[in-house]
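Inspection log for the structure reproduced underneath, given as structure tokens.
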Amino acid sequence: MSRRRQIYEGKAKILYEGPEPGTLIQYFKDDATAFNAQKKGTIQGKGVINNRISEYVFTRLNHIGVPNHFIRRLNMREQLVRQVEIIPIEVVVRNVAAGSISKRLGIPEGEPLPHTLIEYYYKDDALGDPLIAEEHIACFGWANNEEMQDISAMAIRVNDFMCGMFAAINIRLVDFKLEFGRIWDGDYSRVILADEISPDGCRLWDMATGEKLDKDRFRRDLGGEEEAYQEVARRLGLLQDDNGPSEVFDLSKHRKLRGK
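Quick note: the sequence shown uses UniProt numbering, first residue 1, plus one each step.
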């Protein structure tokens with residue numbers, strides 16, 4: 001097979017030129033980063049799990065009318081996606097206080113928010129992806145008013161769907177990150193969902209135990225990252241449950257290793 005041309009490499013994925021114009025191949029890596037890549041590591045098998053979970057979520061979102069870039073999964077680590085012009089904004093949807101909002105506003109982690117909150121961050125690693133307001137987005141032309149209306153409406157739609165999807169498997173959707181991009185038809189463009197949806201970009205807590213089933217296990221040196229990602233995939237029906245109950249339900253050995 002001829003060597004594919006690499007288009008872009010990010011912290012968790014590599015994008016290659018696709019087989020047809022307007023397509024890309026998205027490759028999922030096992031690399032793990034946190035705090036704007038100040039902390040780096042590897043979660044074995046993460047790319048395979050994230051590929052499957054993202055495929056599952058994007059396919060279901062497409063079924064309920066949320067347009068996105070996913071076309072099909074190609075193999076264990078790759079999927080074919082539409083090429084988009086990425087809008088330089090990270091959209092964070094919050095249902096429960098956790099992470100940066102708890103630190104910024106002094107809200108205890110785990111406290112439900114009065115209503116779903118959407119925050120916007122400027123995508124720039126060198127600047128630490130700063131929090132921005134819609135006025136910044138309009139002022140600097142990162143997205144127009146119509147695009148922002150589409151983005152916020154899709155973000156709420158995705159949140160409503162995923163809250164129900166995860167609640168059905170006893171997982172609490174605390175918050176998550178979305179990215180959007182433009183696809184063009186001549187002079188006309190429309191906004192669609194892009195990137196990925198996986199435990200890398202979602203905070204997912206077990207409803208019964210409160211155990212974290214996401215990248216916070218890596219951020220906070222909790223251990224059990226591989227098991228946590230596998231547990232999410234298992235509950236979604238993407239992995240066979242042939243080894244009995246998952247140890248994610250009882251991560252006591254990881255606490256003991258850390259002296260807790």
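Ideal placement from N, C-alpha and C gives every residue a C-beta, glycine not left out.
Cα-Cα separation between residue i and residue j, rounded to whole angstroms
i: Glu55; j: Thr116; result: 25 angstroms
i: Val248; j: Ala153; result: Unreliable positioning characterises Val248 in this predicted model, as indicated by a pLDDT of 41, which lies under 50. A coordinate reading is not provided.
i: Leu222; j: Gln230; result: 16 angstroms
i: Gly181; j: Arg172; result: 27 angstroms
i: Ile89; j: Tyr121; result: 6 angstroms
i: Ser198; j: Val57; result: 8 angstroms
i: Val174; j: Gly99; result: 10 angstroms
i: Val91; j: Arg3; result: 34 angstroms
i: Phe176; j: Met207; result: 17 angstroms
i: Glu9; j: Asp129; result: 18 angstroms
i: Ser246; j: Gly224; result: Only weak support exists for where Ser246 lies, its pLDDT of 41 falling under 50; the value from the coordinates is given anyway. Looking at the two C-alpha atoms, the distance is approximately 11 angstroms.
i: Ile107; j: Leu204; result: 18 angstroms
i: Lys123; j: Ala138; result: 15 angstroms
i: Asn36; j: His63; result: 33 angstroms
i: Lys212; j: Val232; result: 10 angstroms
i: Gly65; j: Arg73; result: 19 angstroms
i: Thr59; j: Glu135; result: 33 angstroms
i: Gly210; j: Asn170; result: 10 angstroms
i: Val84; j: Gly22; result: 8 angstroms
i: Ala167; j: Arg220; result: 24 angstroms
i: Ile156; j: Cys202; result: 15 angstroms
i: Arg234; j: Lys46; result: 14 angstroms
i: His254; j: Glu227; result: Low local confidence applies: a pLDDT of 48 at His254 is under 50, so the model's placement there is unreliable, with the coordinate-based value given in what follows. Approximately 11 angstroms between the Cα atoms of the pair.
i: Trp142; j: Ile183; result: 15 angstroms
i: Arg5; j: Leu178; result: 26 angstroms
i: Pro114; j: Lys39; result: 32 angstroms
i: Lys260; j: Asp214; result: Because Lys260 sits at a pLDDT of 45, beneath the cut-off of 50, its placement in the model cannot be relied upon, and the following sentence gives the value as read from the coordinates. Looking at the two C-alpha atoms, the distance is approximately 20 angstroms.
i: Ser102; j: Pro112; result: 11 angstroms
i: residue 313; j: Met165; result: Absent from the model: residue 313. The displayed extent of the chain is 1 to 260, so no value can be given.
Beta strand (DSSP E) segment containing residue i, residue limits
i: Leu105; result: Looking at the DSSP string, Leu105 is not in any beta strand (DSSP E); the run it does join, the alpha helix (DSSP H), is Ser100 to Leu105.
i: Ile89; result: Ile89 to Val96
i: Asp175; result: Ile171 to Asp185
i: Val81; result: Glu78 to Arg82
i: Glu119; result: Pro112 to Tyr122
i: Glu17; result: Lys13 to Glu17
i: Phe70; result: Phe70 to Arg73
i: Ile137; result: Premise fails: Ile137 lies in the alpha helix (DSSP H), Glu134 to Cys139, not in any beta strand (DSSP E).
i: Ala194; result: Tyr188 to Ala194
Beta carbon of residue i nearer than 8 angstroms to that of residue j
i: Ala34; j: Thr42; result: no
i: residue 261; j: Leu61; result: No information on residue 261 is available, as it lies outside the stretch 1 to 260 that the chain covers here.
i: Glu147; j: Leu131; result: no
i: Ala12; j: Asp216; result: no
i: Val81; j: Asn159; result: no
i: Gly110; j: Ala97; result: yes
For residue i, the residue or residues it bridges with in DSSP
i: Ala32; result: Gly41
i: Asp206; result: Ile171
i: Glu85; result: Arg182
i: Glu9; result: Ile14
i: Ile25; result: Tyr16 and Leu80
i: Leu131; result: Tyr121
Element boundaries [alpha helix (DSSP H), containing residue i]
i: Gly47; result: Lys46 to His63
i: Phe166; result: Asn145 to Ala167
i: Val232; result: Glu225 to Arg235
i: Arg217; result: Asp216 to Arg219
CB contact below 8 angstroms: residue i versus chain D
i: Asp187; result: Note that chain D does not occur in the displayed structure, where there is just one protein chain.
### Message
Could you check whether the stretch 59 to 69 touches the stretch 188 to 208, counting it as contact only if at least three pairs of C-beta atoms, one from each stretch, sit closer than 8 angstroms?
### Response
yes
### contact_flag[the stretch 22 to 30, the stretch 44 to 51] where n(CB pairs < 8 angstroms) is 3 or more
The answer is yes - the stretch 44 to 51 touches the stretch 22 to 30, with three or more Cβ pairs under 8 angstroms.
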